[in-house]
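Following: one structure in structure tokens, then a few remarks.
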């Protein structure tokens, strides 16, 4: 029994240590507008909700419209919510909002949501002929680049995109910030613990038969 305890104790400790980083990654839980929403007209504001509080000084959003141009947005962070006012007089068409935040464990998390508007906002010019309402594809949707987080922290609750933050990347990495390796280690630890328990049990049984 003591051998079994000595095998399981380090494995359990490793599981606890490795589970911490997995829980630390911030995850998008909702948005307004919702991802894939079809609206009558472009909204005045976009809101992203995460499962954990967001660090305002490292939070960046960018809007990509029907013209394919990425525009950095001014963000306001309140706890786990990130809000950004959208430019006025937006035309009809598809839009994508790319985001880049930093989790509590320091890992960057990027992603995007998309929505479309059937009619332009009040005061907007009609869309050029042939423009569709399709949401921009991930390859055309911008997310602030990692180098953009090097700017000085904002003094207030809102952060403004400066010259360094105008550098955007076109390809949106998968959401989640690369936590797959953590779960891989967890699975490997469980397999090793199972093998260790099996070896201890077989050893004890062999010892019992020898003593008999």
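Residue numbers (mature numbering (1 follows the signal peptide of the UniProt record, and there is no 0)): -24 to -1, 1 to 188. Even for Gly, the Cβ is constructed at its ideal location relative to N, Cα and C.
Of the residues the options, the one placed nearest residue i, counting alpha carbons only
{"i": "residue 13", "options": "93, 88, 175", "result": "93"}
{"i": "residue 38", "options": "181, 2, 22", "result": "22"}
{"i": "residue 34", "options": "69, 67, 50", "result": "50"}
{"i": "residue 68", "options": "18, 25, 80", "result": "18"}
{"i": "residue 57", "options": "167, 84, 26, 82", "result": "26"}
{"i": "residue 89", "options": "2, 3, 65, 7", "result": "7"}
Residue i (DSSP reduced to helix, strand or coil)
{"i": "residue 127", "result": "Its pLDDT being 35, under 50, residue 127 is placed unreliably by the model, and the measurement read from it follows with that caveat. Coil."}
{"i": "residue 175", "result": "helix"}
{"i": "residue 39", "result": "strand"}
{"i": "residue 32", "result": "helix"}
{"i": "residue 164", "result": "helix"}
{"i": "residue 170", "result": "helix"}
{"i": "residue 47", "result": "strand"}
Distance between residue j and residue i (C-alpha atoms, nearest Å)
{"i": "residue 36", "j": "residue 61", "result": "13 Å"}
{"i": "residue 75", "j": "residue 46", "result": "12 Å"}
{"i": "residue 43", "j": "residue 73", "result": "14 Å"}
{"i": "residue 164", "j": "residue 20", "result": "48 Å"}
{"i": "residue 91", "j": "residue 48", "result": "17 Å"}
{"i": "residue 78", "j": "residue 175", "result": "43 Å"}
{"i": "residue 10", "j": "residue 83", "result": "25 Å"}
{"i": "residue 2", "j": "residue 59", "result": "16 Å"}
{"i": "residue 170", "j": "residue 181", "result": "17 Å"}
{"i": "residue 86", "j": "residue 80", "result": "14 Å"}
{"i": "residue 63", "j": "residue 167", "result": "53 Å"}
Proximal residues to residue i (C-beta, below 7 Å), its chain only, five neighbours per side dropped
{"i": "residue 55", "result": "29"}
{"i": "residue 5", "result": "25, 26, 27"}
Cutoff 8 Å; reference residue i; Cβ partners in own chain excluding five residues on either side
{"i": "residue 16", "result": "93, 94, 95"}
Cutoff 6 Å; reference residue i; Cβ partners in own chain excluding five residues on either side
{"i": "residue 71", "result": "41, 91"}
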